[in-house]
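Counting from 1, one number per residue, gives the positions in the sequence shown under our numbering.
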Amino acid sequence: MPRSAPRLFTLVLLTGTSVLTLNMFLPMLPAMTRALDTRESVMALAVSGYMLVSAVVQIVIGPVSDRLGRRPVALGAMAAYALASLGCVLATDITLFLICRLAQAIVVGGSVLSNAVIRDQFGPREAAGKMGTIAAAMALAPMLGPMLGGVLGDGIGWRAVFGVYTALGAAALALVWLDMGETRKPGPARLRAQDYGTLLRSARYWAYALCGAFSVGAFYVFIAGVPYVASQLWHLSPPLIGLGIGSITGGYMLGASITARFAPRYGLGPLILLGRVTPSLALAAGLVGALAGLTHPLALFGATIFVGFGNGLTIANVNAGAVSVRPELAGTAAGLGGALSVAGGAGLTFVTALAMEWRASPGVLLAMMLGAVLASLGAAVVALRLDRES
Numbered sequence: 001m002p003r004s005a006p007r008l009f010t011l012v013l014l015t016g017t018s019v020l021t022l023n024m025f026l027p028m029l030p031a032m033t034r035a036l037d038t039r040e041s042v043m044a045l046a047v048s049g050y051m052l053v054s055a056v057v058q059i060v061i062g063p064v065s066d067r068l069g070r071r072p073v074a075l076g077a078m079a080a081y082a083l084a085s086l087g088c089v090l091a092t093d094i095t096l097f098l099i100c101r102l103a104q105a106i107v108v109g110g111s112v113l114s115n116a117v118i119r120d121q122f123g124p125r126e127a128a129g130k131m132g133t134i135a136a137a138m139a140l141a142p143m144l145g146p147m148l149g150g151v152l153g154d155g156i157g158w159r160a161v162f163g164v165y166t167a168l169g170a171a172a173l174a175l176v177w178l179d180m181g182e183t184r185k186p187g188p189a190r191l192r193a194q195d196y197g198t199l200l201r202s203a204r205y206w207a208y209a210l211c212g213a214f215s216v217g218a219f220y221v222f223i224a225g226v227p228y229v230a231s232q233l234w235h236l237s238p239p240l241i242g243l244g245i246g247s248i249t250g251g252y253m254l255g256a257s258i259t260a261r262f263a264p265r266y267g268l269g270p271l272i273l274l275g276r277v278t279p280s281l282a283l284a285a286g287l288v289g290a291l292a293g294l295t296h297p298l299a300l301f302g303a304t305i306f307v308g309f310g311n312g313l314t315i316a317n318v319n320a321g322a323v324s325v326r327p328e329l330a331g332t333a334a335g336l337g338g339a340l341s342v343a344g345g346a347g348l349t350f351v352t353a354l355a356m357e358w359r360a361s362p363g364v365l366l367a368m369m370l371g372a373v374l375a376s377l378g379a380a381v382v383a384l385r386l387d388r389e390s
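Below you can see the structure in the form of structure tokens.
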């Protein structure tokens with residue numbers, strides 16, 4: 001077994017694979033529906049069911065890694081993911097495909113374990129910087145993943161996308177085996193239900209977790225609502241809509257790069273506050289413009305790009321704060337926070353869809369995003385006040 005902590009590249013691969021698994025196959029959903037002779041509503045379980053299972057996986061895998069160690073859990077998760085991906089490649093009917101697709105959700109453990117491994121080694125400031133580096137390095141995944149999936153699907157077929165997932169899982173498994181030494185501090189080897197209770201009774205943990213969940217929630221509102229606004233109001237083509245969605249990822253990359261550089265020097269608080277105030281002001285300005293009749297696409301995307309920028313300044317820092325509430329429960333804290341973000345994102349996505357059915361306008365979309373960002377700002381203020389008191 002390697003004795004050293006994993007290199008940053010290993011953690012980037014673990015995190016990036018989990019992002020690609022969610023979105024790279026999306027352009028091929030219509031072709032997959034026809035190939036597997038099923039209905040769109042059933043094939044939709046490949047997305048919604050996957051998100052639900054990934055939330056459960058994060059709740060379970062965090063505390064398991066706190067008790068058994070990061071390395072064995074990472075090895076088991078990547079092996080299971082590679083096998084599930086291969087099952088998707090070979091599936092000839094929708095039932096087997098969905099079973100294997102839902103099993104792929106175990107890959108989300110990669111991002112949970114990456115955060116836990118970093119907190120095992122570093123204090124809150126340094127951990128935030130490292131998490132920011134990972135976020136900046138893999139921020140291209142949500143922007144380029146669907147594009148790559150579309151190219152592979154058109155050129156080879158939808159099974160090629162899941163072949164890439166299989167190769168990524170095998171590569172991650174080999175890299176964890178060769179590079180990832182155990183970082184968990186010695187502690188009790190028995191799983192304890194009270195570990196979750198310890199975190200859930202902590203107002204400080206709740207404040208950090210809710211700040212992260214609402215920050216990510218604003219992004220979910222954006223990607224769920226902007227296709228309706230852009231197509232119905234401005235009649236933009238899918239490539240232009242994709243470019244607009246990608247703009248928010250570009251903002252995230254910039255914010256994450258700033259976090260990687262400045263979090264170790266200035267700490268979590270200033271960056272979190274800047275990351276919450278900036279999109280609040282930008283969205284408020286965009287909403288005022290929309291209410292005044294300024295509804296050009298550039299006005300919308302010009303405001304929403306600051307949501308990505310603010311998330312880049314916020315997410316790594318609030319994650320570092322959450323896993324620092326009880327460092328010996330870093331895996332449990334990371335898993336619970338991730339599950340809360342996924343569940344909150346699913347809820348906000350559903351509410352956004354209802355709002356777009358009612359009225360697909362820039363004003364409605366900006367108002368919903370602003371509400372999520374202001375909620376995250378309130379949670380951030382509470383978290384930082386409790387930090388000062390602790």
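Just so it is clear, CB atoms sit at the ideal spot from N, CA and C, and this is done for glycine as well.
C-beta atoms of Gly153 and Met51 nearer than 7 Å
The residue you call residue 153 lines up with position 153 of the sequence shown. The residue you call residue 51 lines up with position 51 of the sequence shown. Their beta carbons are not under 7 Å apart, which means Gly153 does not touch Met51 by this criterion.
Let me make sure I understand the geometry here. Which of Gly132, Val288, Phe350 has the alpha-carbon closest to that of Val12?
Taking the first residue of the sequence shown as position 1, residue 12 is located at position 12. Of the candidates Gly132, Val288, Phe350, the one whose C-alpha sits nearest the C-alpha of Val12 is Gly132.
For Leu354 and Phe214, what's the separation of their Cα atoms in angstroms?
As a first step, residue 354 is located in the sequence shown; it is residue number 354 there, counting from the start. As a first step, residue 214 is located in the sequence shown; it is residue number 214 there, counting from the start. So the alpha carbons of these two residues sit roughly 19 Å apart.
Can you tell me whether Val117 is buried or exposed, with buried defined as 16 or more other CB within 10 angstroms of its CB?
On the sequence shown, position 117 is the one that residue 117 refers to. Answer is buried; the Cβ neighbour count reaches 16.
Give the list of continuous beta strand (DSSP E) stretches no shorter than 3 residues that lie fully inside the segment 40 to 99.
Entirely contained in the segment 40 to 99, not one beta strand (DSSP E) run reaches 3 residues.
With a Cβ-Cβ cutoff of 7 Å, do Thr15 and Gly157 count as a contact?
The residue you call residue 15 lines up with position 15 of the sequence shown. The residue you call residue 157 lines up with position 157 of the sequence shown. No, these two residues do not count as a Cβ contact at 7 Å.
Return the CA-CA distance between Leu75 and Ala203, expressed in angstroms with no decimal places.
Position 75 of the sequence shown holds residue 75. Position 203 of the sequence shown holds residue 203. Approximately 33 Å between the Cα atoms of the pair.
Distance check for Leu384 and Gly267, CA to CA, integer angstroms please.
Locating residue 267 in the sequence shown gives position 267, counting from the first residue. Locating residue 384 in the sequence shown gives position 384, counting from the first residue. Distance between the alpha carbons of Gly267 and Leu384 is about 11 Å.
Any idea what DSSP makes of Leu36, helix, strand or coil?
Taking the sequence shown and counting its residues from 1, the one referred to as residue 36 is at position 36. Residue state, collapsed to three classes: coil.
Roughly how many angstroms separate the alpha carbons of Leu36 and Leu90, rounded to a whole number?
Counted from its first residue, the sequence shown places residue 36 at position 36. Counted from its first residue, the sequence shown places residue 90 at position 90. Taking the straight line from one Cα to the other gives about 12 Å.
Can you find the residues in the same chain that come closer than 6 Å, C-beta to C-beta, to Gly310, ignoring five residues on each side of it along the sequence?
For the purposes of this step, residue 310 is taken as the residue at position 310 of the sequence shown. Answer for Gly310: Gly275, Thr278, Pro279, listed in chain order.
Helix, strand or coil, according to DSSP, for Ile156 in the structure here?
The residue you call residue 156 lines up with position 156 of the sequence shown. The three-state reading of DSSP puts Ile156 in coil, since its state is none of H, G, I, E or B.
Cβ neighbours of Ile223 in the same chain (closer than 7 Å, five flanking residues each side left out)
In the sequence shown, counting from the first residue as 1, residue 223 sits at position 223. Only Ile245 meet the Cβ criterion.
What is the rounded straight-line gap between the Cα of Ser54 and the Cα of Thr183?
Counting from 1 along the sequence shown, the entry for residue 54 is found at position 54. Counting from 1 along the sequence shown, the entry for residue 183 is found at position 183. Taking the straight line from one Cα to the other gives about 24 Å.
Which of helix, strand or coil DSSP assigns to Gly255:
Translated into positions along the sequence shown, residue 255 becomes position 255. If DSSP states are grouped into helix, strand and coil, Gly255 belongs with the helices.
Helix, strand or coil, according to DSSP, for Glu357 in the structure here?
Counting from one through the sequence shown, the residue named residue 357 turns up at place 357. Residue state, collapsed to three classes: helix.
Quick one: what does DSSP say Thr349 is sitting in, helix, strand or coil?
For the purposes of this step, residue 349 is identified with residue 349 of the sequence shown, where counting begins at 1. In this structure, Thr349 counts as helix in the three-state DSSP scheme.
Name the residue from Phe25, Val112, Ser324, Trp177 whose alpha carbon lies nearest to the alpha carbon of Ala44.
Position 44 of the sequence shown, counted from the start, is the residue given in the question as residue 44. Nearest of Phe25, Val112, Ser324, Trp177 to Ala44, Cα basis: Phe25.
For Ala346 and Val221, I'd like the C-alpha separation in whole angstroms.
For the purposes of this step, residue 346 is taken as the residue at position 346 of the sequence shown. For the purposes of this step, residue 221 is taken as the residue at position 221 of the sequence shown. If I take the Cα positions, the gap works out to 9 Å.
Neighbourhood of Pro264 by C-beta distance below 6 Å, restricted to the same chain and skipping five residues each side
Within the sequence shown, the letter at position 264 stands for residue 264. Only Arg125, Glu126, Gly129 meet the Cβ criterion.
Would you check if the segment 319 to 327 and the segment 283 to 292 touch, i.e. whether three or more CB-CB distances between them fall below 8 Å?
no
Thr295 by DSSP, collapsed to three states: which one?
As a working note, residue 295 is residue 295 in the sequence shown. Thr295 falls in the coil class under three-state DSSP.
Residues near Leu236 in its chain [Cβ-Cβ closer than 8 Å; skip 5 each side]
Here residue 236 corresponds to residue number 236 of the sequence shown, with the count starting at 1. Excluding residues within five positions, the ones whose Cβ falls inside 8 Å are Ala230, Gly244, Pro297.
How big is the Cα-Cα spacing for Ala135 and Phe219?
By one-based count along the sequence shown, residue 135 stands at place 135. By one-based count along the sequence shown, residue 219 stands at place 219. Spanning the two alpha carbons is a distance of roughly 15 Å.
Simplified DSSP state of Lys130, which is helix, strand or coil:
Here residue 130 corresponds to residue number 130 of the sequence shown, with the count starting at 1. In the structure shown, Lys130 sits in a helix (DSSP, three-state: H, G or I).
Assuming Val176 and Thr17 form a contact by the criterion Cβ under 8 Å, report the distance between their Cβ atoms to the nearest whole angstrom.
Here residue 176 refers to the residue found at position 176 of the sequence shown. Here residue 17 refers to the residue found at position 17 of the sequence shown. Not a contact, Cβ separation roughly 11 Å.
Do you know how far the Cα of Phe301 is from the Cα of Ser85?
Position 85 of the sequence shown, counted from the start, is the residue given in the question as residue 85. Position 301 of the sequence shown, counted from the start, is the residue given in the question as residue 301. Going from the Cα of Ser85 to the Cα of Phe301 covers about 35 Å.
Looking only at C-alpha atoms, which of Gly169, Gly197, Gly87 sits nearest to Val426?
As shown, the chain starts at 1 and ends at 390. That puts residue 426 outside it, with no answer to give.
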